[in-house]
Amino acid sequence: MPVTLTINGKQVQAAEGALLIDVCAEHGIDVPHFCYHPGLGPDGNCRMCQVEFITERGGRLGISCKTVVSEGLVVDTNSAAAKRARASVEEMLLLNHPLDCPICDKAGECTLQNYYMEHDLQNSRQDFTRFKKEKASDIGPTLILDQERCVLCDRCVRFLRDVAGEEQLYIAGRGHEAYITTFPGQEVTSPYSINTVDLCPVGALTSKDFRFDSATWFLKNTNSVCTTCARGCSMQIQSKKGQIYRIRPRHNPDVNGYWACDEGRLNYQFVNHDRLQTPALRRGGEILPCSGQEAVSAIREMLGLRPAGKADAATARKSVILLSATATLEEMFLFRRLGAECLNATVLVARHVPDGVTDKILRRADRHPNTKGAEMLGLRVIDLTAGADASVVTGALGSDGVLLAVGFNTHISPALDAILADAKRIVAFSGCASVLTERAEMVFPGLTFAEKDGLVVNFEGHVQQLRPAIDAKGESEWRIADALLSSLLGVKPHESVAHVRKAIMDVVPAFAGVDLNKLGATGARAAAQPVAG
Amino acid sequence: MSHTIISTRFDKKDNHTLAGYLANGGYRTLPKLFGMKPDEVIEEVKRSGLRGRGGAGFPTGMKWSFVPKNTDKPKYLCVNADEGEPGTFKDQLILKFDPHALIEGIIVCCYAVGIKTAYVYIRGEYDFPIARFSAAVAEAYAKGYLGRNIQGSGFDLDVVVHRGAGAYICGEETGLIESLEGKKGQPRPKPPFPAVVGAFGCPTVVNNVETIAALPWIMENGAAAYAAIGTEKSKGTMLFSISGMVERPGVYESEFGVNLWDFIEKSTGGIKGGRKLKAVIPGGSSSAILTAEEARNVNLDYESIAAAGSMVGSGAIMVLDEDTCVVRALEVVLRFYAHESCGQCPPCREGTYWMYQLVSRIRAGRGRPEDIDTLLAICPDMTGRTVCVLADSAAIPTASYIKKFRPEFEAYIDKANPPERKLMPGGVNLEAGAH
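Chains as they are written, first to last, in the working numbering: chain A, 12 to 544; chain B, 87 to 521.
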């Protein structure tokens, strides 16, 4: 039974049992708060979300995070009394705050700062020496704690205890001497620790990785997807001048809720450093840069295709197209077609990143974002994490086959390494230098997840879109595959990646039910069962 | 003092033992109790008009009736023996000299509400009271007044003595529950109230020692007899802990409705050394101060004291004579609340210490003229804004001390005319006692 209540003079309907603060948010009223977080629930300690309830006996202040809506409730979130109550909470929190905003990582996205602009904008009434507490404490591999900035909202404590399942922070002391700290002799080692930095409404918990790197307002935000494991958490990539500075989770109730693991957030260094930027060909003993035109003729020659004209699979040399399971759906789709229609090729998708752990929160053992997508395309997925399936590749290559390796930016596993050692001729599509690009006869500089516009399908069949956060440093893999396809088949190339997605929907039954070009920010669930193949 | 109920047996020899208590008429109400239906007991307590003696004065029977009748969860009683309000020292007398009356009262409450386990949360510093009460509990178990099938009634009840660990805030009912559960003693936001979600997530009654200790008398003599004592809304009697500059400080019992100053003067012999009365703090350190004139003209009952702008609270009456410094008194009170704030809510965590800093600066002769108004301005920001009323407890005395004795504060700020330094009652040495 929905209930009817009045918020700021407007009648609204809300579900029975809903929290007032959530109902306000649904109707575009952001009630200020520190301790409440939708992923953690209410705690009621910060007193910032006070609003005024209008009753027959007059106004009464109360906190909206602990108020369950009821029929006939009348609320004024911005009455003079409510604003004064919140302003005084803000004043109390700032009484002993160090005001080191100019050197604080949180500046620009600090709740305390923002609410000061909204509520107070006064000089402090207190003129005593501010409290000294510990600053810049190293409390674990990922975090730095500043006790002076802390507002003691308890979010980090509650997150580690209630969500991450590892109680590693607590509030010691009491009253004005209370402070956040680790347990004696222990560190914060949770694999989800950096969520506490996002949760921290102030700069008390900062990430070692991002510390002092950039003012937050200079960062460009791009909605994308984490490619570190098969969960595919919705992420926001924050970048500046072609470099990634920080990756943070985005709320996606279907995939990751509000959280992400530390590994996923920090898995971006390979994007920023040591990137391959031009095509290269082996000439004599050395691998030297070449033009795109040279590269295309070289690859055609290598595959035994005539210099020009239509494809002729019969005369083509035997080859294996080996895609990383980190490749996008579009790349897999076009290379599959290339293998099937133009080349004498076996198309395989490899899992090559060593397995991690599956936990009860987010992390999946399979550390590839698109294994499920490959299965849904009907591609054979082989396991090169432990070497079980290396013979599948070597067998298909035979004695003189050409190996086209696509998307192996990181993690050249021993099994993959053995295949590379065995293969006579290798074409690498890769954005990062590795033993693969060293051994290749030809290298196309590929893209990383941060430059791609493409789809990945998580282990539950949820399709999400990677969006380019930084300018491409190499060539888009799907464009190369598409260019080869169009020249070999004599058809028009796809105008854009959206046309490729359209083709996938038309051709692959598993994706027939979902509009791949209208996935939105949080993606969509494709067919629940993988198609055979 | 025509009536004594709670303190009747305090001076009876060996009353703390089971044999002594039985000889003094103890446990006589049990047959009558077990002959009644639980609901009838609740009704009886409601009719008696008994109100909580811990400080809030909430009607006891009504509190019990908030406990859900049909629940598959166990229910608990928490007896609040944390006695932390500065100036209060009455519950320890019950624990020491009439422990079986408390046990008997616990049986009454638990039978009425359907409780099988009662926790008695005793202030950690109370070594001797804890020993006395624990011995009484052991004796009661041995003789079948606790445990299974009490006195053949078929009613089972366990009493667990829990020793607190020294925090004022654990006397707040939900702070007490958190502490009892083994957590940091921090009050919980309400609702839900303990009657619905209390100890270990179960319905829980939290009552003060003195409240529970009044129950045997009510059961024995009937609600009407209890309600006949006192005033229309303040029924029965209460123990008052009288301290400060009086000849004979101590715990005195009185029915409600007597004149406050008459009662103090008659029971304690009046102000020490024949000096003049300056003020009375009627209900513990968190209550508003009354001037000498107000104290002489007010009656000692919930309504009259409330009408005078203060409260009966836990019955801790503190008397200030003409030589006592109100500024220092406030400094001590604020230091206490700043020290005892649990630190959850910003207004209390920061506000109590800020007020202490301001008053401390004034007392030290470094106050600024605007400090007094700043203090008054902070008070409303700390009233009714927090999870529990500790912030209010600091704001109420601050506002009232300044309002009623402003010239004393101004004198400290007036550098040309600084007052002579004077000590608090009992000669508390502030400098040595800094926390």
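Built from N, CA and C at the ideal position, the CB exists for glycine as well.
Residue of the options minimising C-alpha distance to residue i
i	options	result
Val246 of chain B	B:Glu259, B:Phe219 and B:Glu258	B:Phe219
Ser148 of chain A	A:Tyr127, A:Ile191, A:Ile114 and A:Val168	A:Ile191
Glu129 of chain A	A:Arg97, A:Asp157 and A:Ile150	A:Arg97
Ser479 of chain B	B:Cys465, B:Phe491 and B:Lys489	B:Cys465
Gln22 of chain A	A:Asp87, A:Arg71 and A:Arg68	A:Asp87
His44 of chain A	A:His38, A:Gly50 and A:Cys60	A:Cys60
Val417 of chain A	A:Pro380, A:Val307, A:Leu359 and A:Pro425	A:Leu359
Tyr197 of chain B	B:Leu232, B:Tyr227, B:Val206 and B:Glu225	B:Leu232
Ile310 of chain A	A:Pro504, A:Gln158 and A:Arg328	A:Arg328
Thr472 of chain B	B:Pro275, B:Leu386 and B:Ile458	B:Pro275
Val208 of chain A	A:Gln254, A:Leu230, A:Cys161 and A:Arg68	A:Cys161
Phe522 of chain A	A:Phe455, A:Asn420, A:Leu388 and A:Glu449	A:Leu388
Phe342 of chain B	B:Phe349, B:Val405 and B:Thr323	B:Thr323
Cys195 of chain B	B:Ile298, B:Cys474 and B:Val337	B:Ile298
Gly399 of chain B	B:Phe175, B:Ala450 and B:Asp184	B:Phe175
Residues bridged to residue i [DSSP beta-bridge criterion]
i	result
Ala455 of chain A	Before going on, a small fix: residue 455 of chain A reads as Phe here, not Ala. Beta-bridge pairing links Phe455 of chain A to A:Phe440.
Val332 of chain B	B:Ile357
Lys251 of chain A	A:Gln254
Gln475 of chain A	A:Val467
Ser507 of chain A	Its beta-bridge partners do not exist; DSSP assigns none.
Pro326 of chain B	With the sequence shown as reference, residue 326 of chain B is identified as Phe, and Pro is not the correct amino acid for it. DSSP output for Phe326 of chain B lists B:Tyr338 as bridge partner(s).
Lys21 of chain A	A:Ile18
Leu136 of chain B	The partner list for Leu136 of chain B (beta bridge, DSSP) is empty, contrary to what the question assumes.
Ser235 of chain A	A:Met246
Distance cut-off 8 angstroms: residue i Cβ against heavy atoms of the ligand NAP
i	result
Leu154 of chain A	The ligand NAP is not part of this structure, which contains no ligands at all.
C-alpha gap between residue i and residue j, whole angstroms
i	j	result
Arg136 of chain A	Pro433 of chain B	14 angstroms
Leu458 of chain A	Glu341 of chain A	13 angstroms
Leu444 of chain B	Glu126 of chain B	54 angstroms
Lys117 of chain A	Asn263 of chain A	23 angstroms
Thr193 of chain A	Val199 of chain A	7 angstroms
Val282 of chain A	Lys252 of chain A	13 angstroms
Pro109 of chain A	Lys144 of chain A	10 angstroms
Val14 of chain A	Ser250 of chain A	44 angstroms
Thr78 of chain A	Val364 of chain A	48 angstroms
Thr17 of chain A	Gly70 of chain A	14 angstroms
Leu442 of chain B	Ala424 of chain B	Strictly speaking, residue 442 of chain B in this sequence is Tyr, with Leu absent from that position. The alpha-carbon atoms of Tyr442 of chain B and Ala424 of chain B are separated by roughly 7 angstroms.
Asp428 of chain A	Arg391 of chain A	20 angstroms
Pro33 of chain B	Gly200 of chain B	There is no way to answer for residue 33 of chain B, as the model of chain B reaches only from 87 to 521.
Asp348 of chain B	Leu363 of chain B	13 angstroms
Arg276 of chain A	Thr233 of chain A	14 angstroms
Ser327 of chain B	Leu386 of chain B	13 angstroms
Leu156 of chain A	Asp370 of chain A	27 angstroms
Leu416 of chain B	Ala402 of chain B	16 angstroms
Val413 of chain A	Asn355 of chain A	10 angstroms
Phe460 of chain A	Thr469 of chain B	54 angstroms
Cys46 of chain A	Arg435 of chain B	15 angstroms
Asn420 of chain A	Ile40 of chain A	45 angstroms
Ala485 of chain B	Leu462 of chain B	6 angstroms
Val468 of chain A	Leu31 of chain A	36 angstroms
Proximal residues of chain C, C-beta to C-beta of residue i below 9 angstroms
i	result
Gln61 of chain A	No chain C appears in the structure shown, which is made up of the protein chains A and B.
(request) Give, in chain order, every residue of the segment 127 to 149 of chain A whose Cβ lies closer than 7 angstroms to some Cβ of chain B. (result) Arg136, Gln137 and Phe139
(message) Which complete alpha helix (DSSP H) runs does the segment 395 to 483 of chain B hold, if anything under 4 residues is left out?
(response) 412 to 426, 432 to 449 and 457 to 467
(message) So within the segment 380 to 435 of chain A, which uninterrupted beta strand (DSSP E) runs reach at least 3 residues, ignoring any that extend past its ends?
(response) 391 to 394 and 413 to 417
(request) Compile a chain-ordered list of the residues in the segment 115 to 135 of chain B whose CB is closer than 9 angstroms to at least one CB of chain A. (result) none
(message) Tell me which residues of the segment 90 to 114 of chain A have at least one Cβ-Cβ distance to chain B shorter than 8 angstroms, keeping chain order.
(response) Arg95, Ala96, Ser99, Val100, Glu102, Met103, Leu104, Leu106 and Asn107
(message) Give me the subset of the segment 16 to 49 of chain A whose CB atoms are less than 7 angstroms from a CB atom of chain B, sorted by chain position.
(response) Those residues of the segment 16 to 49 of chain A placed with their C-beta closer than 7 angstroms to a C-beta in chain B do not exist.
(message) Please identify, using Cβ separations under 8 angstroms, the residues of the segment 258 to 289 of chain A that lie next to chain B, in order along the chain.
(response) none
(request) Taking only runs that begin and end inside the segment 104 to 166 of chain A, name each unbroken alpha helix (DSSP H) of 4 or more residues, in chain order. (result) 122 to 130
(request) With a floor of 4 residues, list each alpha helix (DSSP H) that falls wholly inside the segment 258 to 319 of chain B, ordered by position along the chain. (result) Under the rule that a run must span 4 or more residues, the alpha helix (DSSP H) segments found entirely inside the segment 258 to 319 of chain B read 259 to 266, 295 to 299, 301 to 307 and 309 to 313.
(request) Please name the residues in the segment 173 to 194 of chain A whose beta-carbon is closer than 8 angstroms to at least one beta-carbon of chain B, in chain order. (result) Ile182, Gly184, Arg185, Gly186, His187, Glu188 and Ala189
(request) Give, in chain order, every residue of the segment 419 to 431 of chain B whose Cβ lies closer than 8 angstroms to some Cβ of chain A. (result) Ala424, His425, Glu426, Ser427, Cys428, Gly429, Gln430 and Cys431
(message) Along the segment 159 to 171 of chain A, where does the CB come closer than 9 angstroms to a CB of chain B? Name the residues.
(response) Val162, Leu163 and Asp165
(request) Please list the residues of the segment 443 to 463 of chain B that have a C-beta atom closer than 7 angstroms to any C-beta atom in chain A, keeping them in chain order. (result) From the segment 443 to 463 of chain B, only Gln443 and Thr460 have a Cβ closer than 7 angstroms to chain A.
(request) Taking only beta carbons into account, state which residues of the segment 63 to 79 of chain A come closer than 8 angstroms to chain B, listed in chain order. (result) Leu72, Ile74 and Lys77
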